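Residue 534 in my numbering sits at position 32 of the sequence shown; the count goes up by one each step and never skips.
These notes concern the structure reproduced below.
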Amino acid sequence: MITVWGKLYKNGKTLLASTCTSSKPDFSDALLECLESFAKEFDIEVPMWHSNHTKQMGLFRKATFKPDDFVDRFPYDKFEIQILDS
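Here's what the structure looks like:
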């Protein structure tokens, strides 16, 4: 089980923030479930996951997605997820 904190930023300010808890036993499946939950709640698409996000997650337990990580137009500065509990 993991708890993830998701935040949307624009102009240096947090516009939206929420938490998601997943009880899936596999970490990757639980993280994907939370990403999809945030995408639906924040009305954004699920971002592309790159190797730098894996590295950030391993080092800092968080990952930052910039507009280039989205296929469609992303009207925010960044979307950040952070593992609160696992």
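Think of the CB as a built atom: it goes at the ideal place given N, C-alpha and C, for glycine as much as any other residue.
The structure presented is a predicted model; accordingly, all values stated were derived computationally and were not measured.
**Request:** Quick one: grab the DSSP three-state call for GLY560.
**Result:** The answer is helix: DSSP assigns GLY560 an H, G or I state.
**Item:** Between the CA atoms of MET559 and LYS568 - distance to the nearest angstrom
**Value:** Between LYS568 and MET559, the alpha-carbon positions lie close to 15 angstroms from each other.
**Request:** Go ahead and pull the three-state DSSP assignment for ASP531.
**Result:** Helix, per DSSP.
**Request:** With DSSP collapsed to three states, give me the class of LYS542.
**Result:** LYS542: helix per DSSP, three-state reduction.
**Message:** Relative to the C-alpha of SER530, which candidate in THR505, PHE581 and PRO577 has its C-alpha closest?
**Reply:** Among THR505, PHE581 and PRO577, the Cα nearest to that of SER530 is on THR505.
**Prompt:** With TYR511 and ASP579 assumed to form a contact (beta carbons below 8 angstroms), what rounded beta-carbon distance in angstroms separates them?
**Reply:** TYR511 to ASP579, Cβ: 5 angstroms. Contact.
**Prompt:** Leaving out five residues before and five after HIS552 in sequence, what residues of the same chain have Cβ atoms less than 8 angstroms from its Cβ?
**Reply:** A distance below 8 angstroms between beta-carbons, with the five flanking residues on each side excluded, links HIS552 to the following residues of its chain, in chain order: ASP571.
**Prompt:** Can the beta-carbon of GLU582 be found closer than 8 angstroms to that of THR566?
**Reply:** Cβ distance < 8 angstroms, so GLU582 and THR566 count as in contact.
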